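Here's the structure, in structure tokens; my notes come after.
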DNA sequence: GTCTATACAGAGATAGAC
DNA sequence: GTCTATCTCTGTATAGAC
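Chains as they are written, first to last, in my numbering: chain A, 96 to 302; chain B, 96 to 302.
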């Protein structure tokens with residue numbers, strides 16, 4: 096009895112601390128990068144003692160991977176039967192933008208790792224591979240069925256992925272856009288989806 | 096006489112070592128990031144002694160900035176009079192892709208820094224600001240003259256910059272594209288320019 | 001100008017008390 | 001499970017010989 100109660104308390108406390116570490120790490124990795132973030136910073140941010148990263152995760156690297164373990168891109172929960180590629184593509188863009196806006200820090204981290212082709216990328220690829228494979232299949236089906244027109248699937252993948260993944264989180268363009276009326280207004284999810292969808296579909300010369 | 100000759104020799108040797116350090120640093124920053132790169136690695140890569148980074152540049156940070164000091168994006172050397180925005184835009188894309196393909200590592204580094212909104216970004220902004228300003232003016236002129244159709248300049252800036260800047264250097268999509276016939280062929284400069292131009296202009300609903 | 005050797009701060013990880 | 005104190009290694013920067 097006593098033991099069981101202790102066990103539960105431990106469990107709860109453990110989850111709490113682990114989550115606090117993960118939250119702090121996500122925030123710091125996004126802003127400082129993996130190498131630029133120290134275990135001390137993570138623990139300070141989480142408000143826990145230095146030793147707990149090693150205790151719960153066994154090192155900084157495992158904290159990093161744990162960030163992506165829990166990640167199940169909602170994207171793939173939808174059904175894509177490829178009978179109507181344009182409709183599938185619209186759904187895909189919608190879900191991707193939803194993912195990007197709900198987890199901007201993870202997208203940010205992912206981007207950094209891709210840029211530097213980090214040794215940690217292999218595991219991240221496992222997460223993203225199904226997503227890019229789906230995109231590939233949608234594009235290919237769309238071409239075959241005449242809904243999209245393009246010559247090179249490879250080039251198309253790159254420009255489309257570039258458009259999708261490019262983060263609006265970083266505000267480096269802001270100083271340039273301040274003078275524009277209404278530009279400082281926070282854009283809504285629907286707005287971004289509509290805009291991105293239109294741009295990409297136009298880019299693919301949809302009839 | 097003797098002194099003068101010594102001075103020249105020093106100058107030559109200095110330039111040589113400085114350049115070797117810059118080259119090594121560029122390569123390493125692109126692959127490991129600023130924080131992930133050590134001065135030791137830079138000097139090993141350059142084949143010089145550890146102390147020389149401090150001697151010539153006064154620290155790692157200044158090596159970083161020096162990488163962008165010498166950078167004059169050829170982009171801006173062209174003339175853009177905005178009387179024919181579409182033509183200007185095509186020229187802009189051409190020059191931007193040329194820049195991206197000639198300095199992939201700098202683009203890579205720039206992207207990393209933008210992602211993490213690093214404290215070094217301020218100086219990098221100075222380099223890129225004129226470029227994005229020019230793009231903004233071209234888009235705005237094109238809209239006013241009816242060559243481009245879009246509602247929000249802000250959104251348009253983001254999707255276009257995303258398309259332009261997204262690096263094809265990183266090969267994370269390769270495993271997905273291997274099965275495609277001809278995909279492993281190295282794409283040519285002209286090919287990438289043509290493709291990017293078409294995608295973006297279509298995206299802007301050019302008539 | 002360039003090198004080797006070293007100082008000193010900071011990193012990640014662990015030991016051991018509670 | 002969590003904390004503090006500490007170990008060890010590696011980081012940047014400098015001192016001093018050549």
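Even for Gly, the Cβ is constructed at its ideal location relative to N, Cα and C. Note that this is a predicted model, so its numbers are computed, not measured.
Contact set between residue i and chain A, taken where Cβ atoms lie within less than 8 Å
{"i": "residue 275 of chain B", "result": "248, 249"}
{"i": "residue 262 of chain B", "result": "210"}
{"i": "residue 206 of chain B", "result": "206, 210"}
{"i": "residue 203 of chain B", "result": "210, 211"}
{"i": "residue 216 of chain B", "result": "267"}
{"i": "residue 297 of chain B", "result": "297, 298, 299, 300"}
Contact set between residue i and chain B, taken where Cβ atoms lie within less than 8 Å
{"i": "residue 252 of chain A", "result": "268, 271, 272"}
Buried versus exposed, by CB contacts within 10 Å (16 or more), residue i
{"i": "residue 300 of chain A", "result": "exposed"}
{"i": "residue 221 of chain B", "result": "exposed"}
{"i": "residue 284 of chain A", "result": "exposed"}
{"i": "residue 141 of chain B", "result": "buried"}
{"i": "residue 180 of chain A", "result": "buried"}
{"i": "residue 108 of chain B", "result": "Interpretation of residue 108 of chain B is limited by its pLDDT of 48, a score under 50 that renders its predicted location unreliable; no figure is taken from the coordinates."}
{"i": "residue 183 of chain A", "result": "buried"}
{"i": "residue 135 of chain A", "result": "exposed"}
{"i": "residue 281 of chain A", "result": "exposed"}
{"i": "residue 82 of chain A", "result": "No answer is possible for residue 82 of chain A: it lies beyond the span of chain A, which begins at 96 and ends at 302."}
{"i": "residue 271 of chain A", "result": "buried"}
{"i": "residue 169 of chain A", "result": "exposed"}
{"i": "residue 241 of chain B", "result": "exposed"}
Of the listed residues the options, nearest to residue i (C-alpha basis)
{"i": "residue 130 of chain B", "options": "B:165, B:189, B:207", "result": "B:207"}
{"i": "residue 173 of chain B", "options": "B:254, B:118, B:187, B:241", "result": "B:187"}
{"i": "residue 144 of chain A", "options": "A:189, A:116, A:281", "result": "A:116"}
{"i": "residue 297 of chain B", "options": "A:141, A:243, A:276", "result": "A:243"}
{"i": "residue 158 of chain B", "options": "B:137, B:168, B:177, B:291", "result": "B:137"}
{"i": "residue 268 of chain A", "options": "B:227, B:202, B:267, B:287", "result": "B:227"}
{"i": "residue 214 of chain B", "options": "B:192, B:257, B:160, B:265", "result": "B:160"}
{"i": "residue 175 of chain B", "options": "B:123, B:236, B:118, B:254", "result": "B:236"}
{"i": "residue 155 of chain A", "options": "A:182, A:167, A:170, A:124", "result": "A:124"}
{"i": "residue 171 of chain A", "options": "A:153, A:151, A:225", "result": "A:225"}
{"i": "residue 274 of chain A", "options": "B:165, B:199, B:291, B:231", "result": "B:231"}
{"i": "residue 234 of chain B", "options": "B:164, B:254, B:202", "result": "B:254"}
{"i": "residue 262 of chain A", "options": "A:201, A:148, A:132", "result": "A:201"}
{"i": "residue 217 of chain A", "options": "A:238, A:163, A:272", "result": "A:163"}
{"i": "residue 291 of chain B", "options": "B:189, B:270, B:240, B:266", "result": "B:189"}
Inter-residue spacing [alpha-carbon to alpha-carbon] between residue i and residue j
{"i": "residue 102 of chain A", "j": "residue 293 of chain A", "result": "Note on residue 102 of chain A: pLDDT 43, under 50, position unreliable in the model; the coordinate value appears next. Residue 102 of chain A and residue 293 of chain A: Cα-Cα distance of roughly 54 Å."}
{"i": "residue 229 of chain B", "j": "residue 113 of chain A", "result": "47 Å"}
{"i": "residue 264 of chain A", "j": "residue 289 of chain A", "result": "18 Å"}
{"i": "residue 295 of chain A", "j": "residue 277 of chain A", "result": "23 Å"}
{"i": "residue 178 of chain B", "j": "residue 245 of chain A", "result": "30 Å"}
{"i": "residue 287 of chain A", "j": "residue 212 of chain A", "result": "29 Å"}
{"i": "residue 260 of chain A", "j": "residue 219 of chain A", "result": "15 Å"}
{"i": "residue 196 of chain A", "j": "residue 153 of chain B", "result": "41 Å"}
{"i": "residue 119 of chain A", "j": "residue 210 of chain B", "result": "18 Å"}
{"i": "residue 193 of chain A", "j": "residue 199 of chain A", "result": "10 Å"}
{"i": "residue 257 of chain A", "j": "residue 167 of chain A", "result": "21 Å"}
{"i": "residue 223 of chain B", "j": "residue 252 of chain A", "result": "26 Å"}
{"i": "residue 121 of chain B", "j": "residue 111 of chain B", "result": "15 Å"}
{"i": "residue 148 of chain B", "j": "residue 247 of chain B", "result": "46 Å"}
{"i": "residue 204 of chain A", "j": "residue 126 of chain B", "result": "15 Å"}
{"i": "residue 151 of chain A", "j": "residue 191 of chain A", "result": "32 Å"}
{"i": "residue 238 of chain B", "j": "residue 238 of chain A", "result": "30 Å"}
{"i": "residue 146 of chain B", "j": "residue 128 of chain B", "result": "21 Å"}
{"i": "residue 99 of chain A", "j": "residue 132 of chain A", "result": "In this prediction, residue 99 of chain A has a pLDDT of 39, which is less than 50 and means its spatial position is unreliable; what the coordinates show is noted afterwards. Their Cα atoms are separated by approximately 37 Å."}
Contacts that residue i makes with chain A (C-beta to C-beta distance below 9 Å)
{"i": "residue 290 of chain B", "result": "245, 246, 247, 250, 251, 253, 254"}
{"i": "residue 242 of chain B", "result": "What residue 242 of chain B touches in chain A: nothing, since even the nearest Cβ is about 14 Å away."}
{"i": "residue 114 of chain B", "result": "Here the premise fails: no neighbours, minimum Cβ distance about 23 Å."}
Per-residue contacts from residue i into chain B (C-beta, under 9 Å)
{"i": "residue 130 of chain A", "result": "127, 128, 129, 130, 131, 132"}
{"i": "residue 136 of chain A", "result": "Those within 9 Å of residue 136 of chain A in chain B number zero; the least Cβ separation is about 12 Å."}
7 Å Cβ cut-off: residues of chain A touching residue i
{"i": "residue 265 of chain B", "result": "209, 210, 212"}
{"i": "residue 231 of chain B", "result": "271"}
{"i": "residue 258 of chain B", "result": "254, 257, 258"}
{"i": "residue 294 of chain B", "result": "254, 298"}
Chain-ordered neighbours of residue i on chain B, where CB pairs are closer than 7 Å
{"i": "residue 228 of chain A", "result": "271"}
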